[in-house]
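K.L.:
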Amino acid sequence: MANRTPVLNLPAAELKVDENMIFDPVRKKWVTLTPEEWVRQNFIAYLIDSRKYPKSLIKIEASINAFNKARRCDAIIYTREVSPLVIIEFKAPDIEINEKTFKQIAFYNSSLNVPFLILSNGLDHYFCEVNPVNKTCKFWDHIPLYQEINSLI
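For the record, in the sequence shown the residue sitting at position 6 is 5 according to numbering that gives the first Met the number 0, with numbers rising by one throughout.
#1: Beta strand (DSSP E) containing L118: first to last residue?
#2: Where K28 and K15 are concerned, what is the direct C-alpha to C-alpha distance, given to the nearest angstrom?
#3: For K91, which residues of its own chain have a beta-carbon under 6 Å away from its beta-carbon, when the five flanking residues on both sides are left out?
#4: Restricting to runs no shorter than 3 residues, where is the beta strand (DSSP E) found entirely within the region 42-70?
#5: My output table needs one value for E128: the three-state DSSP class, helix, strand or coil.
#6: Can you tell me whether N133 is buried or exposed? The criterion is at least 16 other CB atoms within 10 Å of its CB, across all chains shown.
#7: Strictly by DSSP, which residues pair up with D17?
#8: Taking only three categories from DSSP, how would you classify A74?
#9: Within a Cβ cutoff of 6 Å, which residues of the same chain sit near E60, ignoring the five residues on either side of it in sequence?
#10: For E88, count neighbouring C-beta atoms within 10 Å of its own C-beta (all shown protein chains included) and say buried if the count is 16 or more, exposed if not.
#11: Round the Cβ separation of N19 and T4 to the nearest angstrom and send it over; I've been treating them as touching at under 8 Å.
#12: Rounded to whole angstroms, what's the CA-CA distance from K58 to L122? Just pull it up for me.
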């Protein structure tokens with residue numbers, strides 16, 4: 000198996016790792032350490048610690064219904080009023096973020112209609128503002144603070 004804890008393009012995070020397991024502070028449980036889970040835990044730590052996203056408003060592996068198909072988003076961030084605000088899709092570091100990845104997250108958003116999307120493989124990160132009228136994305140050059148995007152809705 001590939002290195003499950005590669006160096007990522009994120010600030011160092013204090014994560015609890017025990018052999019093949021990593022502690023998820025959002026779900027409050029130990030989960031299997033895979034390359035994608037490594038990205039998820041590091042990125043979520045970055046959102047909470049550096050970008051001030053409230054941990055209580057993050058849902059990991061959130062179930063959704065898209066076109067009558069049960070699906071699971073890697074993460075959803077909610078407003079303080081508990082409306083979906085951001086869908087996040089994570090990939091392992093060796094998986095390129097490409098058109099297929101964007102189509103996947105757009106499919107998830109077809110049922111939630113959130114204003115923001117994040118995609119990350121731990122090395123490359125994309126933050127998109129969704130235009131609900133023409134279904135286009137405006138890419139930002141940074142991952143904004145929670146307060147910044149919450150003030151836009």
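Glycine is no exception: its CB is placed at the ideal position from the N, C-alpha and C atoms.
P.N.:
Answer, in terms of the structure:
#1: To locate residue 118, count along the sequence shown from 1; it is residue 119. Unbroken beta strand (DSSP E) run through L118: 115-119.
#2: For the purposes of this step, residue 28 is taken as the residue at position 29 of the sequence shown. For the purposes of this step, residue 15 is taken as the residue at position 16 of the sequence shown. Looking at the two C-alpha atoms, the distance is approximately 11 Å.
#3: As a working mapping, residue 91 is identified with position 92 in the sequence shown. The residue asked about is misnamed: residue 91 is Ala in this sequence, not Lys. Hits under 6 Å: P34, E35.
#4: 57-65
#5: By one-based count along the sequence shown, residue 128 stands at place 129. Strand.
#6: As a first step, residue 133 is located in the sequence shown; it is residue number 134 there, counting from the start. Its Cβ having fewer than 16 others within 10 Å, N133 is exposed.
#7: Your numbering for residue 17 matches position 18 in the sequence shown. D17 pairs with M20.
#8: Taking the sequence shown and counting its residues from 1, one reaches residue 74 at position 75. Three-state result, A74: strand.
#9: The sequence position of residue 60 within the sequence shown is 61, counting from 1. Hits under 6 Å: R71.
#10: Stepping through the sequence shown from its first residue, residue 88 is reached at position 89. So E88 counts as buried.
#11: Looking up residue 19 in the sequence shown gives position 20. Looking up residue 4 in the sequence shown gives position 5. N19 to T4, Cβ: 11 Å. No contact.
#12: By one-based count along the sequence shown, residue 58 stands at place 59. By one-based count along the sequence shown, residue 122 stands at place 123. Each residue's alpha carbon lies about 22 Å from the other.
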